[in-house]
Amino acid sequence: MHTHFDNMSNALISKRSDQFVEYMHPILYQSIGGRDKMIELMTALYEDVEIKESKIIKVLKTETRGDIIQTLLMQRFIIINGSEEVISSNQSFAFPYDGGRTWSFAGIEDRTFDEMKKILPELFEELRYL
69 MHTHFDNMSN ALISKRSDQF VEYMHPILYQ SIGGRDKMIE LMTALYEDVE
119 IKESKIIKVL KTETRGDIIQ TLLMQRFIII NGSEEVISSN QSFAFPYDGG
169 RTWSFAGIED RTFDEMKKIL PELFEELRYL
């Protein structure tokens, strides 16, 4: 999981939107109009901000059922917006659908668990957060 997160982070930091999207949970970019739309939005974001750092701070919970693994992470971003450096910590989910060989990620942002469950109905209740 850490290797895939690092690859996603490197794509984010180096402004390679097409590679970054490969690590996003597909439901997230499908909900806003598809992969190409997400790439377009990320490219526009890079005009205003620079991502200096993205890393996992802590693995909060992991739940495994058979070959299905779901993980709740705390992550940190350091973002440069003009001359201002902003540190943002937030939670995200990590999912492999192949027993852990490849991982995709879904940022929680300011959504409640119930809101995330509507987007990702497969979420395990054991990963409920406050």
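Read left to right, the sequence shown gives residues 69 to 198 (my numbering).
Glycine included, each C-beta is placed from N, C-alpha and C at the ideal position.
* Measuring CA to CA, which of K185, I147 and R169 is closest to E121? -> On the sequence shown, residue 121 is found 53 positions in, with the first residue counted as 1. Checking every option, the nearest Cα to that of E121 belongs to I147.
* By Cβ distance, which residues of its chain are closer than 6 Å to A79, with the 5 residues on each side in sequence left out? -> The residue labelled residue 79 in the question sits at position 11 within the sequence shown. So the qualifying residues of the chain are Q87 and F88.
* CA-to-CA distance, T130 to K185, given in whole angstroms -> Position 117 of the sequence shown, counted from the first residue, corresponds to residue 185. Position 62 of the sequence shown, counted from the first residue, corresponds to residue 130. Within the model, the alpha-carbon separation for K185 versus T130 is close to 16 Å.
* Tell me the DSSP bridge mates of R144? -> As a position in the sequence shown, residue 144 is number 76, starting the count at 1. Answer is K123 and S157, bridged to R144.
* Rounded to whole angstroms, what's the CA-CA distance from L96 to E153? Just pull it up for me. => Here residue 96 refers to the residue found at position 28 of the sequence shown. Here residue 153 refers to the residue found at position 85 of the sequence shown. Just so you know, the alpha carbons of L96 and E153 end up roughly 27 Å apart.
* **Sequence-distant residues of the same chain with beta carbon closer than 7 Å to E111, five excluded per side** => As a first step, residue 111 must be located in the sequence shown, where it is residue number 43. Correcting the residue type first, residue 111 is Thr in the shown sequence and not Glu. Taken in chain order, the residues that qualify are S85.
* Can you name the start and end residues of the beta strand (DSSP E) that F192 belongs to? -> Position 124 of the sequence shown, counted from the first residue, corresponds to residue 192. Going by DSSP, F192 is part of no beta strand (DSSP E) at all; its letter is neither H nor E.
* To do: Report buried or exposed for L128, applying the criterion of at least 16 other Cβ atoms within 10 angstroms of its Cβ.
  => Within the sequence shown, residue 128 is the residue found at index 60, counting from 1. Exposed.
* **Per-residue DSSP class, three states only, for I187** => Residue mapping note: residue 187 aligns to position 119 of the sequence shown, counting from 1. Reduced to three states, the DSSP call for I187 is helix.
* Please go through the same chain and pick out, in chain order, the residues whose beta-carbon is closer than 8 Å to the beta-carbon of I100, but skip the five residues on each side of it. => Here residue 100 refers to the residue found at position 32 of the sequence shown. Taken in chain order, the residues that qualify are M106 and L109.
* To do: Specify the secondary structure class of I33 as computed by DSSP and reduced to three states.
  => In the structure as shown, the chain starts at 69 and stops at 198, and residue 33 therefore has no counterpart that could be examined.
* Asked: So who's on the other strand from A174, going by DSSP bridges?
  -> By one-based count along the sequence shown, residue 174 stands at place 106. Bridge partners of A174: F161.
* **Option nearest P189 by Cα separation, candidates D104, H93 and D178** => Translated into positions along the sequence shown, residue 189 becomes position 121. Ranking D104, H93 and D178 by Cα distance to P189 puts H93 first.
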